[in-house]
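For the sequence shown, counting from 1, position 121 maps to 120 in numbering that gives the first Met the number 0; every step adds exactly one.
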Amino acid sequence: MLGQPVIILEELGLAYELELLSWQELAGEEYAKINPGGKVPTMHDPNTDVQIYESGAIVLYLIEQYDTEKKLTYTDTKRKALLYQWLMFQMSQQGPYYGQVGWFRVLHTEQLPSAIDRYTRQAERIMRLLDEALAPTSTTDTEPTYLVGTKCTYADLAFYAWHEVIPLSMQYPPGETPISKYPNLYRWHKTMGEREAVRKAMGVRKEMMEREKLDEGLPTDVDMDEMRRELAERVK
């Protein structure tokens, strides 16, 4: 998801330029030479000439290359391992399951109750697990709780963007969110949302969606099923 690397770029105060591609360009042969999966984001770093895709990989690259003050990470083996653990959990579970909730509830041309039920339950499972992991260590603890250690790290920030999208994916009314049922998760999300870098990154995301009118839904001239079939054929 675009929001994850942009949040890290903003947190580290790095200059960057964004290039917005149309749905047709994402499925095209030219972009396939850069990212065969036909998804975003893909990043090119002119300082090192590194070109890389997949949000989690980009996040790790930015942290290792540019977080020289260790603002969003730790250096000891135990906490570094836990950071990797939570980032992999985000990439392998939160991202895919939340994405499938949106696909089958909102984008898929055919309503499949079994698929909707499965992915909705999986999304709720992930919320419950995060809520338990973020429980305060004591009943008198008023400090923010994070996934690893005592500060906000890239592992926490990696979850933020999908939790902004999930109300739309699960078709909640405007202003409501499923994560409000989980007090620790909800508090954690709100704490991150108050960070200046996160606000800036989400503003960039909103601006880009509005530019392509994605805030009003998918363009009517885009056949998402056909686009997925083309991508699947290309990578066989």
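Quick reminder that beta carbons are idealized off the backbone N, C-alpha and C, glycines included. All of these numbers come straight from a predicted model, not from anything done at the bench.
>> From the DSSP secondary-structure annotation, give me the bridge partner or partners of Q84.
In response: According to DSSP, Q84 bridges with nothing at all.
>> Could you compute how far the alpha carbon of L230 sits from the alpha carbon of Y30?
In response: Model confidence at L230 stands at a pLDDT of 46, short of 50, so the residue's coordinates are unreliable and nothing is read from them.
> Are there three or more Cβ pairs, one per stretch, closer than 8 Å when the segment 1–20 is compared with the segment 153–167?
Replying inline: yes
> Is Q50 helix, strand or coil by DSSP?
Replying inline: strand
> Touching or not, the segment 18–30 and the segment 50–60, by the rule of three or more beta carbon pairs under 8 Å?
Replying inline: Contact between the segment 18–30 and the segment 50–60 is absent, because fewer than three Cβ pairs lie under 8 Å.
>> I178 and Y97 - do their beta-carbons sit closer together than 8 Å?
In response: no
> Using CA coordinates, which residue listed in L13, Y118, S91 is at the minimum distance from R104?
Replying inline: Y118
>> Can you list, in chain order, the residues of its chain with a C-beta nearer than 6 Å to that of P143? Leave out the 5 residues immediately preceding and following it.
In response: Taken in chain order, the residues that qualify are T190.
> Relative to the alpha-carbon of L25, which residue among T41, E10, R127 has its alpha-carbon at the smallest distance?
Replying inline: T41
> For Y15, which residues of its own chain have a beta-carbon under 7 Å away from its beta-carbon, when the five flanking residues on both sides are left out?
Replying inline: In chain order, L8 place their CB closer than 7 Å to the CB of Y15, counting only its own chain and leaving out the 5 sequence neighbours on each side.
>> Looking at the strands, I want to know which residues DSSP matches up with T41.
In response: Y52
> Is the Cβ-Cβ distance between V147 and L82 less than 8 Å?
Replying inline: yes
>> Could you tell me the alpha carbon to alpha carbon distance between R233 and L61, rounded to whole angstroms?
In response: Since pLDDT at R233 reaches only 48, below the 50 mark, its modelled position is unreliable, and the value read off the structure follows with that caveat. Rounded to the nearest angstrom, the two C-alpha atoms are 30 Å apart.
>> Could you tell me the alpha carbon to alpha carbon distance between D44 and E10, rounded to whole angstroms?
In response: 17 Å
> Measuring CB to CB, does D66 end up less than 8 Å from T74?
Replying inline: Their beta carbons are not under 8 Å apart, which means D66 does not touch T74 by this criterion.
> Run through DSSP, which three-state label would N34 get?
Replying inline: coil
> F158 by DSSP, collapsed to three states: which one?
Replying inline: Note: F158 maps to coil in three-state DSSP.
> What span of residues does the alpha helix (DSSP H) with H188 cover, start to end?
Replying inline: 182–192
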